[in-house]
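Worksheet: the structure to be examined is printed underneath.
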Amino acid sequence: MRRWIRPALIGLAIILAILAPVGQGNYITYVLTSWLIFSIAAMGLNLTLGYAGQISLAQASFMAIGGYTTALLTLAGWHWMLALPVALSFCFVVGLMLGYPALRVKGHFLAFVTLAFNTLVFLILRNEEWLTGGNYGLVGMPRPDFGLFSTMKQHHFYYFTLTITIVAAVIMWWIVRSPWGRAFKALRENPIRAESLGVDTRRLTLLAFAIGSTYGGLAGALVTPLVQFIEPASFGVAHSLRILLMVVVGGAGFFFGPFLGAGVVIILPEFLRFTEGYYLIIYAALVIVMLVFTPKGLIGLGALLRDRFWGKRVARGDLKQGAQLK
Amino acid sequence: MSAPVLSVRNISRSFGGIRAVRDVSFDVQKGEILGLIGPNGSGKSTLFNCILGQLPPDAGRVEVNGKTVTGMRASSLNRLGVGRTFQQLSVFPQMTVLDNIILAGQEHHGTMASRLFGPSDAGLTEAADQMIAFFRLTHLRDTIAGSLSFGQQKLVDAAMAFMAGPSLVLLDEPAGGVNLTMLGSLKERLTAYNAEHGTTFVVIEHNMEFVMSLCTRIIVLAEGAIIAEGTPEDIRSNQTVIDAYLGGG
Numbered sequence: 001m002r003r004w005i006r007p008a009l010i011g012l013a014i015i016l017a018i019l020a021p022v023g024q025g026n027y028i029t030y031v032l033t034s035w036l037i038f039s040i041a042a043m044g045l046n047l048t049l050g051y052a053g054q055i056s057l058a059q060a061s062f063m064a065i066g067g068y069t070t071a072l073l074t075l076a077g078w079h080w081m082l083a084l085p086v087a088l089s090f091c092f093v094v095g096l097m098l099g100y101p102a103l104r105v106k107g108h109f110l111a112f113v114t115l116a117f118n119t120l121v122f123l124i125l126r127n128e129e130w131l132t133g134g135n136y137g138l139v140g141m142p143r144p145d146f147g148l149f150s151t152m153k154q155h156h157f158y159y160f161t162l163t164i165t166i167v168a169a170v171i172m173w174w175i176v177r178s179p180w181g182r183a184f185k186a187l188r189e190n191p192i193r194a195e196s197l198g199v200d201t202r203r204l205t206l207l208a209f210a211i212g213s214t215y216g217g218l219a220g221a222l223v224t225p226l227v228q229f230i231e232p233a234s235f236g237v238a239h240s241l242r243i244l245l246m247v248v249v250g251g252a253g254f255f256f257g258p259f260l261g262a263g264v265v266i267i268l269p270e271f272l273r274f275t276e277g278y279y280l281i282i283y284a285a286l287v288i289v290m291l292v293f294t295p296k297g298l299i300g301l302g303a304l305l306r307d308r309f310w311g312k313r314v315a316r317g318d319l320k321q322g323a324q325l326k
Numbered sequence: 001m002s003a004p005v006l007s008v009r010n011i012s013r014s015f016g017g018i019r020a021v022r023d024v025s026f027d028v029q030k031g032e033i034l035g036l037i038g039p040n041g042s043g044k045s046t047l048f049n050c051i052l053g054q055l056p057p058d059a060g061r062v063e064v065n066g067k068t069v070t071g072m073r074a075s076s077l078n079r080l081g082v083g084r085t086f087q088q089l090s091v092f093p094q095m096t097v098l099d100n101i102i103l104a105g106q107e108h109h110g111t112m113a114s115r116l117f118g119p120s121d122a123g124l125t126e127a128a129d130q131m132i133a134f135f136r137l138t139h140l141r142d143t144i145a146g147s148l149s150f151g152q153q154k155l156v157d158a159a160m161a162f163m164a165g166p167s168l169v170l171l172d173e174p175a176g177g178v179n180l181t182m183l184g185s186l187k188e189r190l191t192a193y194n195a196e197h198g199t200t201f202v203v204i205e206h207n208m209e210f211v212m213s214l215c216t217r218i219i220v221l222a223e224g225a226i227i228a229e230g231t232p233e234d235i236r237s238n239q240t241v242i243d244a245y246l247g248g249g
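Order-wise, the sequence lines are chains A and B. Here the first sequence is numbered in UniProt numbering, starting from 1 and rising by one per residue. Here the second sequence is numbered in UniProt numbering, starting from 1 and rising by one per residue.
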């Protein structure tokens with residue numbers, strides 16, 4: 001029975017995502033599109049942090065690199081679809097380079113290295129006015145037009161983003177279910193043992209950063225045509241922390257965690273707007289309560305409820321046989 | 001006689017003023033089970049780490065099947081056919097037993113690209129099931145490894161070391177913390193594997209009964225140097241060894 005539950009839930013989620021903007025105005029559709037985009041960015045960080053165990057506080061900087069590369073190229077007349085591979089390749093290479101410090105430093109120290117990188121990118125974007133427009137940013141980036149299908153309307157852009165999100169999710173699913181995914185988890189759980197079993201932990205660490213950063217770049221490349229205006233402040237350290245929050249709240253190391261986490265960070269505040277001035281306080285309190293009771297994130301809540309109502313699954317199936325070989 | 005599977009030549013390693021390993025040399029032949037024993041602080045673990053590339057020796061070299069591997073990374077060493085177990089628990093606690101075993105073999109199959117585009121089990125489920133069955137863990141195949149008992153995790157650790165079909169396995173205190181019943185079974189499984197596959201073992205162990213009954217040859221270290229070498233019977237009656245363990249002489 002359990003075999004079909006997951007595909008059924010995924011199908012239901014896709015149908016809900018298709019129906020979500022129906023009958024909604026431009027603003028709600030914009031919020032939903034933002035949710036999809038940040039889900040992609042969080043998916044990337046989830047690979048780096050959740051699966052491979054490498055802390056990164058620089059995901060917003062990769063959104064910036066992807067966003068600005070796409071913006072500059074589309075403003076120069078490139079089609080978005082042509083600018084995208086350039087932006088993604090750039091993010092992959094820079095992500096790979098950011099992975100090198102992770103070969104030497106771990107934990108809090110690595111967090112600070114990535115945080116410094118995010119600050120560096122922010123300062124470059126702010127100071128190199130000749131290229132990035134400085135504090136004023138870049139405006140007027142066109143949305144992709146495919147002849148028969150233009151993304152100029154907010155709903156159309158939503159469905160365009162949804163398609164890309166599904167493709168990105170399928171690729172991520174492929175990666176994490178492949179032997180690479182198993183090796184990423186091994187890197188997170190016991191890197192010394194993994195290395196002793198032939199896993200090239202150096203290459204894997206670099207790949208975790210590079211792939212995660214590419215997803216950040218993809219999210220940035222989608223922000224550019226969505227907002228049609230980008231400026232450095234949208235990609236500061238605070239935004240990297242927001243993406244980290246999405247991963248942690250959703251459930252780090254769980255495939256669907258980023259979608260839930262991005263939903264909490266992007267959509268939940270919209271639901272709380274009726275509380276007016278109190279919404280940030282309520283939102284913060286909700287996040288704290290959530291993390292205290294489900295440290296594994298919202299995905300962990302499912303297991304918690306399952307254990308409570310259906311009884312805890314017995315992990316030790318050997319007790320009757322005794323802890324022996326014979 | 002064919003070339004030794006493991007050849008350790010004049011290995012020395014110091015920490016500050018302390019000479020942890022002093023000019024140690026020995027060979028291990030194919031199919032041999034060599035025990036490496038010695039009192040605490042005798043340099044066993046340092047020597048082990050020098051052989052496995054985790055500590056660069058100050059002098060000397062290590063050869064595996066005639067190839068110099070001194071200071072080689074653990075992953076490269078593993079791909080050359082060197083497996084190992086750890087003194088501490090070293091399974092991947094959030095993965096199932098099956099995934100632990102598959103992981104131990106997957107890096108030996110295909111390229112990075114083929115592992116990405118190939119099947120999720122790297123085509124190893126059958127081989128992993130055989131290895132799990134060999135260590136009589138079939139009833140725990142789909143159990144999360146971190147929830148197993150200490151002894152069972154030791155068995156998973158051992159099964160992982162053998163999954164890639166190594167020519168040489170270094171076992172770091174395999175008996176440590178394992179109950180008596182399981183200890184006998186572990187020894188029986190290791191002996192059976194050695195007999196079936198002709199795999200060479202080097203075992204560091206404190207449990208004298210275990211090491212004397214498992215190994216065909218024993219090297220005794222004290223203060224970083226080899227003080228005795230021979231069959232278990234020779235070692236048992238060697239006065240220098242008795243003195244080293246009792247602190248006499």
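Heads up, the beta-carbon is just placed ideally off N, CA and C, and yes, glycines get one too.
Alpha carbon to alpha carbon, what distance is there between A/L57 and residue 342 of chain A? Shown here, chain A extends from 1 to 326; a query on residue 342 of chain A therefore has no answer.
Going along the chain, which residues of the region 299 to 310 of chain A sit with their C-beta nearer than 7 Å to a C-beta in chain B? Legend: CB atoms of the region 299 to 310 of chain A lying less than 7 Å from CB atoms of chain B are not found in any residue.
Using DSSP with H/G/I as helix, E/B as strand and the rest coil, what is B/V5? In the three-state scheme derived from DSSP, where H, G and I count as helix and E and B as strand, B/V5 is classed as coil.
Would you list, in chain order, the members of the region 205 to 218 of chain B that have their beta-carbon closer than 8 Å to a beta-carbon of chain A? Listed by position, the residues of the region 205 to 218 of chain B near chain A (Cβ gap below 8 Å) amount to none.
Can you list the residues of chain A that B/M95 reaches, using a CB-CB cut of under 9 Å? Ordered by position in chain A, the residues that pass the 9 Å Cβ test against B/M95 are R182, K185, A186, E189.
Using a Cβ-Cβ cut-off of less than 9 Å, list which residues of the region 160 to 174 of chain B approach chain A; keep chain order. Within the region 160 to 174 of chain B, the residues whose Cβ lies closer than 9 Å to some Cβ of chain A are M160, A161, M163, A164, listed in chain order.
Compute the Euclidean distance between the alpha carbons of A/L143 and A/Q54, then round it to the nearest angstrom. It should be pointed out that residue 143 of chain A corresponds to Arg in this sequence rather than to Leu. Each residue's alpha carbon lies about 34 Å from the other.
CB contact below 8 Å: A/L45 versus chain B: Between A/L45 and chain B, the shortest Cβ-Cβ separation is not below 8 Å.
At what residues does the alpha helix (DSSP H) containing B/R115 begin and finish? Start and end: 112 to 117.
First through last residue of the beta strand (DSSP E) which encompasses A/I288: For A/I288, no beta strand (DSSP E) segment is defined; the enclosing uninterrupted segment is the alpha helix (DSSP H) at 279 to 293.
Hey, is the region 61 to 71 of chain A in contact with the region 215 to 234 of chain A, meaning 3+ C-beta pairs nearer than 8 Å? The answer is yes - the region 215 to 234 of chain A touches the region 61 to 71 of chain A, with three or more Cβ pairs under 8 Å.
If you scan the region 4 to 74 of chain B from start to end, which runs of the beta strand (DSSP E) of 3 or more residues do you find wholly inside it? Unbroken beta strand (DSSP E) stretches of 3 residues or longer found wholly inside the region 4 to 74 of chain B: 6 to 15, 18 to 28, 33 to 37, 59 to 64, given in chain order.
For A/L32, which of A/M81, A/I5, A/E270 has the nearest alpha-carbon? Here the closest residue by C-alpha is A/E270.
Beta-carbon within less than 6 Å of A/G216's beta-carbon, same chain only, minus the 5 sequence neighbours each way: which residues are those? The residues are A41, G44, Q59, F62, M63.
Distance cutoff 8 Å, beta carbons only. Does B/E107 sit that close to anything in chain A? Any Cβ of chain A closer than 8 Å to the Cβ of B/E107 would place that residue at the interface, and such an atom is present.
Nonlocal neighbours in the same chain, by C-beta distance under 7 Å from A/H239, ignoring five residues either side: A60, listed in sequence order.
Excluding five sequence neighbours on each side, which residues of the same chain lie with their C-beta closer than 8 Å to the C-beta of A/F90? Non-local C-beta neighbours of A/F90 in its own chain, meaning closer than 8 Å and more than five positions away in sequence, comprise I65, G66, T69, G217, ordered along the chain.
Using 8 Å as the threshold, is the C-beta distance between B/A228 and B/V241 below it? Yes, the Cβ-Cβ distance between B/A228 and B/V241 is below 8 Å.
Rounded to the nearest angstrom, what separates A/T201 and B/I11 at their Cα positions? Computed Cα separation, rounded: 27 Å.
To the nearest angstrom, how far is it from the Cα of B/G177 to the Cα of A/G11? Their Cα atoms are separated by approximately 49 Å.
Locate the alpha helix (DSSP H) running through B/T200, then write down its first and last residues. Careful: B/T200 lies outside any alpha helix (DSSP H), inside the beta strand (DSSP E) at 200 to 204.
Quick one: list the residues of chain B neighbouring A/V199, beta-carbon separation under 7 Å, in chain order. Those within 7 Å of A/V199 in chain B are S75, E107.
Please list the terminal residues of the continuous beta strand (DSSP E) segment that includes B/V91. In the DSSP assignment, B/V91 falls outside any beta strand (DSSP E) and carries neither an H nor an E.
Are any of the Cβ atoms in chain B nearer than 8 Å to that of A/E129? Answer no: the Cβ-Cβ gap between A/E129 and chain B never drops below 8 Å.
Classify B/S185: buried if its beta carbon has 16 or more other beta carbons within 10 angstroms, exposed otherwise. Burial of B/S185 is indicated by the presence of at least 16 other C-beta atoms within 10 angstroms of its C-beta.
Per the contact definition of three or more C-beta pairs closer than 8 Å, is the region 101 to 111 of chain B in contact with the region 170 to 185 of chain A? Taking a contact to require three or more Cβ pairs closer than 8 Å, the region 170 to 185 of chain A and the region 101 to 111 of chain B qualify as touching.
What in chain A is Cβ-close to B/D99, meaning under 7 Å? Those are R182, listed as they occur along chain A.
Can you pull the chain A residues whose beta carbon is under 7 Å from the beta carbon of B/N78, in chain order? Near B/N78 (Cβ distances below 7 Å), the residues of chain A are S196, L197, G198.
Anyone know if the C-beta pair for A/L204 and A/L96 falls short of 8 Å? No, the pair does not count as a contact, with Cβ atoms beyond the cut-off.
According to DSSP, is B/G224 helix, strand or coil? If DSSP states are grouped into helix, strand and coil, B/G224 belongs with coil.
With a cut-off of 8 Å, does the C-beta of A/S89 fall near any C-beta of chain B? Output row for A/S89: interface = no.
Could you tell me which chain A residues have their CB closer than 8 Å to the CB of B/A122, listed as they occur along the chain? Under a criterion of Cβ atoms nearer than 8 Å, the residues of chain A adjacent to B/A122 are, in order, P179.
If A/A208 and A/W35 are in contact, beta carbons under 8 Å, what's the gap, nearest whole angstrom? Actually they are not in contact, since the Cβ atoms of A/A208 and A/W35 sit about 25 Å apart, beyond 8 Å.
Using only the alpha-carbon positions, how far apart do B/L89 and A/M172 sit? Rounded to the nearest angstrom, the two C-alpha atoms are 31 Å apart.
Looking only at its chain, what residues have a beta carbon closer than 8 Å to the beta carbon of A/T275, apart from the 5 residues adjacent to it on each side? I282.
Please determine if the region 289 to 304 of chain A and the region 249 to 260 of chain A are in contact, where contact requires at least 3 C-beta pairs separated by less than 8 Å. Under the Cβ criterion (8 Å, minimum of three pairs), the region 289 to 304 of chain A counts as touching the region 249 to 260 of chain A.
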